[in-house]
Each structure stands twice: as structure tokens, then as C-alpha cells.
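Reviewing the structure listed below.
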Amino acid sequence: MNSELTTIVNRFAYEGTVCEIKPLGEGLINDTYKVTTAEADKPDYVLQRVNHVVFPDVDLVMRNIDAVTSHIRKKLAEQGTADIDRRVLRFIPARQDGKLYIKVQGAGGEVQEAESGQQEPTYWRLMVFIDNAITKQAVDPESSRAAGRAFGNFQAMLADIPVKLGETIKDFHNMEFRLEQLRDVVRRDPAGRVKEERVQKMLEEIEKRADEMCKAERMGREGILPKRVCHCDTKVNNMMFDQQDNVLLVIDLDTVMPNFIFSDYGDFLRTAANKVAEDCREMDKVQFRMDIFKAFTEGYIESARSFLLPVEIENLPYATALFPYMQCVRFLWDYLSGDKYWKCQYPDHNFVRANNQLHLLMSIEKSYPEMQAFIGSLLK
69 MNSELTTIVN RFAYEGTVCE IKPLGEGLIN DTYKVTTAEA DKPDYVLQRV
119 NHVVFPDVDL VMRNIDAVTS HIRKKLAEQG TADIDRRVLR FIPARQDGKL
169 YIKVQGAGGE VQEAESGQQE PTYWRLMVFI DNAITKQAVD PESSRAAGRA
219 FGNFQAMLAD IPVKLGETIK DFHNMEFRLE QLRDVVRRDP AGRVKEERVQ
269 KMLEEIEKRA DEMCKAERMG REGILPKRVC HCDTKVNNMM FDQQDNVLLV
319 IDLDTVMPNF IFSDYGDFLR TAANKVAEDC REMDKVQFRM DIFKAFTEGY
369 IESARSFLLP VEIENLPYAT ALFPYMQCVR FLWDYLSGDK YWKCQYPDHN
419 FVRANNQLHL LMSIEKSYPE MQAFIGSLLK
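Residues 69 to 448 in the working numbering are what the sequence shown spells out, letter by letter.
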């Protein structure tokens, strides 16, 4: 066993005797390990190193998570739910101060060198491992309907949370901010790419939709549209299922923060309802899948209708278009910046991604009438 990881685990108030620590999963953000205990009557655990480059305020992240999981746990208890530890994540407090994370200076595997030559601290948390539970990667109508129910129910349970959460990634889904980022890089043109004819055409398409796509921020300022507690990373693999294919819980809570409900609704459909991958170069194959839209929307409205306002429901088609538009803006921003943010396999990779999202947006726009009619049918 890795002695540094064992030392880190021992700083948490867990039960049992650690007998094995090994890597778990293939997460892109955090480093994750399964901690196995020797005793049959004690739980196993999941140890994670929180990526503090992506999430610089780890204390805020964990305070948000604590507030959310505590509120869901209380709701489940009031409902008489059995086996609550399989329905909501349980984090183990640190022995020294009771916080749900620890800070480690210069230990625990990979660390970064600070400018001073000193090793930067790493941040760790420990949670109970959920046995006999699986995640899924496949996106089909069945899993999309389950995702709609799960994320709608997640929002519904947190609709009355008494704690005000903070933004773990500032302006993460703020369309006005993303457009200003793009306009700034267009003005500066650091990579000398702005004058490309294809870039100019894409900028025209972006700007002619800009006012409409920023309406969520305007409605928020006018008090028409509320911010609610949202997951902000709604993917099929951010749910766990039992062996009978029932959704147990929503996981990966680092991005949980106040946002418009459009974040959870539109972001799922952006990735799940595109017939091809977001970097497919064959634009004629990019198409919005109405079967995925209908399944996810059916599940979402079923579980979230109890708290949704009419203005939120009537703008769900807008939310569906908003996220491909936002991602088009962000991919183009990175292309014009010189490909600094996303990893690229070839020189035009970010432009291809942006073009893909623009074509997905256009496909969605053609589907507006059908989308509106379907949502109306669900409300009757």
C-alpha cells in the first residue's frame, strides 16, 4: 500500500482497518482511490484528491456539499426512506477539526511545484463507498428519462434548502460573461486567427443570437427568473444505479451551486442529444435527437414540476439551445486564444468543436415548434 495515502486516510475518523488502497475510475478532474477495509461489517471508502486548480476554494466546495447532502439526508429521513447511506453521499470528518476535507503539505502522490520552489498543498476528502452500485456511460431514451427524473428530483429536494450556497466556479454558466470573454479575445487577437473567413462567419452567427441568448441573465436581474440549487454537471455517469437499474443517487457534487434551472436541463441535452461526438468533423451528421429530448424532458418535468415556475417551463426550449450556443462561444474563444484551455489533438480541433456546436444549435432551432408542442402535451 502507498504509505502516503494510508497516512492521509488515517487523518479521517473512519471505521475499520485499511487493508488496500487502489485507483478507482478514470475521472478527469479529481484523483480517486478505493479504500478497502478488512472487516465485513465496516464500510469501504472512496478517497479523493480535490483539484484545487479547477476548484480553488475547496472549503467553499465542501461547505456547499455538506449543506446539500445534509438537507437531502433530512428529507429522506422524513420520507421514511430505507438505507439512506445508499441514497446520498456520506463524507467522513477529519479527526483533528471535524471538517470534511484535509489539507496536506507536500504529500499524497502528485503535487505541483509552486513558484517559490515549495510544493503546493493538496486537498483530500473521504466518503463512504456504495456497494453494489454502478454508473452508466450509454445514452439512450431509457437512461435519459432516468436522468431527467434524478436531476429533477435533486433540484426538487433542494428547492427549500435554508442555506445560501456559494459559486464554486464563478460565472460558470453566465452567458454574458462568456460573450465578453470572446469579444475581449477578438479585440486582442493573440493567435492571429480572428481575420480567418470562417471565424468571421461564425462570429456573425454568434452575434446575431447574442441578445436572445443572454435573456436568462436579464430575467434574473429583473426578478422574473430565480436561481436555484443546481448540479451544473448533469451527465448520465453522474448518477448511480442499483442492480435493478433504479437510480440511487446523484454524485459528483463539486459544481453544485446557485444557478438557473436551465443549467441542469440544457447542459444534459447538449451532450446527450447530439447524434455525434462534440468534436465530430462531419457537420452533416450533427443532429439533435428528439427521442433523447422527449425522454429526458418527460422525466425532468415529472419530478421537478412541483416547484417549477411557468416562466422556467416555457423557456426549456431556450435552455436546450443556450448550452450548444455557450459551448460554441467557449470553443471559439479558446481557438482564438491559441488553444490554451482544452487539450487539442490537431491545430483546428477547437474550431471543429465550435462549428459542431453551432450546427447542433441550428438543428435545435429547427426543432423549436416540436419541442414546445411536446412540453405542452406533458402539462395537460
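Note that CB positions come from ideal geometry on N, CA and C, so glycine has one too.
Range of the contiguous alpha helix (DSSP H) that encloses glutamate 244: 243-256
Burial state of serine 374 (16 or more Cβ within 10 Å): exposed
For glutamate 275 and methionine 281, the rounded distance between their alpha carbons: 10 angstroms
Cβ-based burial, isoleucine 292 [other Cβ within 10 Å; buried from 16]: exposed
In chain order, each alpha helix (DSSP H) run of at least 4 residues that lies wholly inside the region 275-362: 283-289, 330-340
Of the residues Val129, Cys348, Asn342, the one placed nearest aspartate 359, counting alpha carbons only: Asn342
8 angstroms Cβ shell around leucine 321 - same chain, five flanking residues per side excluded: Asn132, Ile133, Val136, Thr137, Leu157, His299
Contact check, alanine 363 vs glycine 216, beta carbons under 8 angstroms: yes
Alpha-carbon to alpha-carbon, valine 297 and arginine 246: 21 angstroms
Pairwise C-alpha distance: aspartate 416 and leucine 73: 40 angstroms
Alpha carbon of asparagine 306 to alpha carbon of leucine 446, nearest angstrom: 26 angstroms
Whole runs of the alpha helix (DSSP H) within the region 126-199, excluding any shorter than 4 residues: 126-146
Proximity of methionine 351 and glutamate 235 at Cβ, strictly below 8 angstroms: no
Alpha carbon of leucine 316 to alpha carbon of threonine 365, nearest angstrom: 20 angstroms
Three-state secondary structure (DSSP) of arginine 266: helix
Nearest-angstrom Cβ-Cβ length linking valine 129 and valine 118, presumed shorter than 8 angstroms: 7 angstroms
Proximity of arginine 193 and phenylalanine 159 at Cβ, strictly below 8 angstroms: yes
Close beta carbons around phenylalanine 309, own chain, < 8 angstroms, minus the five adjacent residues each side: Ala201, Ile202, Thr203, Lys204, Ala214, Val315, Leu316
Under the three-state DSSP convention, the category isoleucine 202 falls into: strand
Nearest neighbour of methionine 195, chosen from Lys167, Ser212, Pro189, Ser71 [CA to CA]: Lys167
Cβ-based burial, valine 379 [other Cβ within 10 Å; buried from 16]: exposed
Backbone secondary structure at glutamine 116 - three-state DSSP: strand
Through-space distance from alanine 106 to aspartate 402, alpha-carbon basis: 48 angstroms
Alpha-carbon spacing of glycine 176 relative to lysine 90, whole angstroms: Since pLDDT at glycine 176 reaches only 46, below the 50 mark, its modelled position is unreliable, and the value read off the structure follows with that caveat. In a straight line, the C-alpha of glycine 176 is about 13 angstroms away from that of lysine 90.
Selected residue, minimal CA-CA separation from aspartate 153, among Phe123, Ile76, Asp112, Asp279: Asp112
Inter-residue Cα distance where the pair is methionine 207 and phenylalanine 356: According to the sequence shown, residue 207 is valine rather than methionine. Taking the straight line joining both Cα atoms gives about 13 angstroms.
Cβ-based neighbour list, glutamate 183, same chain, cut-off 6 angstroms, excluding 5 preceding and 5 following: A caution first: glutamate 183 carries a pLDDT of 43, below 50, which makes its placement in the model too unreliable to give a value.
Check whether isoleucine 264 and leucine 426 have beta carbons under 8 angstroms apart: According to the sequence displayed, residue 264 carries glutamate and not isoleucine. Cβ distance not < 8 angstroms, so glutamate 264 and leucine 426 don't count as in contact.
Neighbourhood of arginine 349 by C-beta, 6 angstroms cutoff - its chain only, sequence neighbours within 5 removed: Val420
Where the beta strand (DSSP E) containing aspartate 99 begins and where it ends: 99-105
Three-state class that DSSP yields for glutamate 88 in the structure shown: strand
Separation of aspartate 257 from valine 267, as counted between CA atoms: 12 angstroms
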